[in-house]
Amino acid sequence: MFDLEKEWSISFAGCGFMGIYYAGVSSCILERFPGFIQNAKRIYGASAGSLMAAILTLGVPLDKCCADLMHMAREARKHKLGPLHPAYNLLQLVQDCLLRSLPEDAHVQASGKLCVSLTRVSDGKNLLVSQFSSREDLIQALICSCFVPLYCGVIPPTYKGVHYVDGAVSDNLPRCDQGNTITISPYAGESDLCPRATTLTFHEVRFNNVSIQVNSENLYRVTSTFFPPDPEAMAEICQNGYMDALRFLQENNLISSESPLRSLGNKECERACCDPLETGKSREKGKQPPEDHHWLDPKSIVNLPVDIQKVLCKACKETHAAGGLFTHMTDYLPKKVTSYLPFESLAQRVKGWIPDVPRDMNWLFGSAEGKQDLKVKAEDRLSGPALRRCSSLPSDLHQWSQRNEVIKALTLSAEVSSGFDEDPAKSSSPGAAGGWGLGRVVGWIQNLKPNKTSELK
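Per UniProt numbering, the very first residue in the sequence shown carries number 1; after that it's consecutive.
Structure follows, in structure tokens:
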């Protein structure tokens, strides 16, 4: 049971485009129990979770956040490869949204309460950043936390001169060491606030501190993390987040269990997200107005706040409008036109990368030299001198090893001397064997002398 008398923190897991789930969760909490977020000691986040943590910490309107996310998803769906297309720059879209939404004193409000999870490239260790010196410093930390290697690019961004990548790589659900931390995740598992599994669960895995049940529903959610689904599906995910948050508040007695929901039969709520479709001209001409909400079922978003309903409905309407005649016409355009688009987008990416080429090249060469140094050191350790037997062998075996070394030395000296005295053609004569035997006898005598002298004493 949740105890309001003790301090608590909130942690959002990284989830990519599934962040629309957090929009539904946050809208429910802010609508029914805002003190849960406002009175939290700290708000943690990794990847997309860090963006939602920043939005809640700074009080950015959720409808603006939802509109930005739907815009990013729409831009990704325009391309055949989705977010992997060279023309799609996810980090640039995120940066533009942050520059538009965050207030000028965002770093002052966020310092001490917002904790952003980062992964350092040099050693792969996790770093929690909670102090920010400027608004640009805060934005750069959020950009680093959202950089997924290879998915967003090759060269990671820098924060205070150090390269960092997505915090989900090292810790996807950071927690406070002291006090209670409420974990929120869009994947069904053991998080405090998450969807409930409605299908058969075979197993449960943990991905960098996030519990994820192995079932078909979570497989769909993981896929939607990297490749955004249709806007209708995203609207349904947002509605599910709202209902899961409502269930969490009721189970922990944070609100009344009889807290009313919006009636599904209320026509005012059903049409609150759109302007009236019936106009005066349509009445005069006697024409039937178009079917209400043919692009989105109003029951799928009826419990969400009206401002978020409008955003989701607008996104679905734009997608249906774009899927009309224009889309069918573009399917028959010459393929040569589409073949030039990757080169144009690649040229734009290279043009934007030119100012950072010296810095990035220095980092790449420095990383390569560091790995080469480690490889050389490892080879030196492997090819180093073997351990002396005197440090680990018994005394008898030690004497035996010394005797063999003396024999080898005498044999070598005998061969060298015979090489100077004899003809080279006779270097393999039986005299070499005699020299080897003489050296062996001398070695035995030298090893026996210490024993005899010790007996005489």
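Note that beta-carbon positions come from the ideal geometry of N, C-alpha and C, so glycine has one too.
Treat the numbers as computed from the prediction; the structure is a model and nothing was measured.
Excluding sequence positions up to five away, which residues of its chain have a Cβ less than 7 Å from the Cβ of residue i?
i: F207; result: N172
i: R221; result: M18, P186 and Y187
i: Q92; result: none
i: L114; result: I43, A53, A54, T57 and S130
i: R135; result: L102, E104, A106 and H107
Using a Cβ-Cβ cutoff of less than 6 Å, which residues in the same chain neighbour residue i once the five nearest sequence positions on both sides are dropped?
i: G16; result: A48, T225 and F226
i: V311; result: D63, C66 and A67
i: C97; result: D68
i: F248; result: L193
i: residue 466; result: Here the chain comprises residues numbered 1 to 457, so residue 466 is not present and cannot be evaluated.
i: A245; result: V25, C28 and I29
i: V116; result: S50, V129, A141 and S145
i: G82; result: A76 and F227
Going by the DSSP bridge assignment, what does residue i pair with across the sheet?
i: A46; result: S117
i: P157; result: BP columns for P157 are empty, so no partner.
i: S9; result: T181
i: I255; result: Paired residues: none, contrary to the question.
i: D166; result: L118
i: S213; result: Note that residue 213 corresponds to Gln in the displayed sequence, not to Ser. Looking at the DSSP assignment, Q213 forms a beta bridge with E204.
i: P83; result: Answer by DSSP bridge pairing: none, since P83 is not bridged.
i: P149; result: G153
If I follow the unbroken alpha helix (DSSP H) through residue i, where does it start and stop?
i: V25; result: I20 to R32
i: E75; result: L62 to R77
i: Q95; result: L90 to S101
i: F36; result: G35 to Q38
i: E136; result: R135 to S145
i: A110; result: A106 to A110
Among the options, which residue has its Cα nearest to the Cα of residue i?
i: S122; options: R74, S27, V162 and Y88; result: V162
i: S211; options: A13, C316 and Q109; result: A13
i: E31; options: D307, T319, M72 and C316; result: D307
i: C176; options: L150, K6, I10 and E236; result: I10
i: G112; options: L219, S133 and K125; result: S133
i: A73; options: D230, L127 and L81; result: D230
i: F36; options: T183, E232, F147 and R77; result: T183
Which stretch, first to last residue, makes up the beta strand (DSSP E) that contains residue i?
i: R196; result: It is not in any beta strand (DSSP E) - R196 carries neither H nor E in the DSSP assignment.
i: F207; result: H203 to F207
i: V129; result: N126 to V129
Looking only at its own chain, which residues have a Cβ that is under 8 Å from the Cβ of residue i, when we skip the five neighbours before and after it?
i: H79; result: H85, A87 and Y88
i: T327; result: Because T327 sits at a pLDDT of 45, beneath the cut-off of 50, its placement in the model cannot be relied upon, and the following sentence gives the value as read from the coordinates. None.
i: F304; result: Strictly speaking, residue 304 in this sequence is Leu, with Phe absent from that position. Around L304: G24, S27, C238, Q239, Y242 and L312.
Please report whether the beta-carbon of residue i lies at a distance below 8 Å from any beta-carbon of chain D.
i: H203; result: Of the chains in the structure shown, none is chain D; there is only one protein chain.
Any alpha helix (DSSP H) of 4 or more consecutive residues that is wholly inside the region 215-250: 216-226
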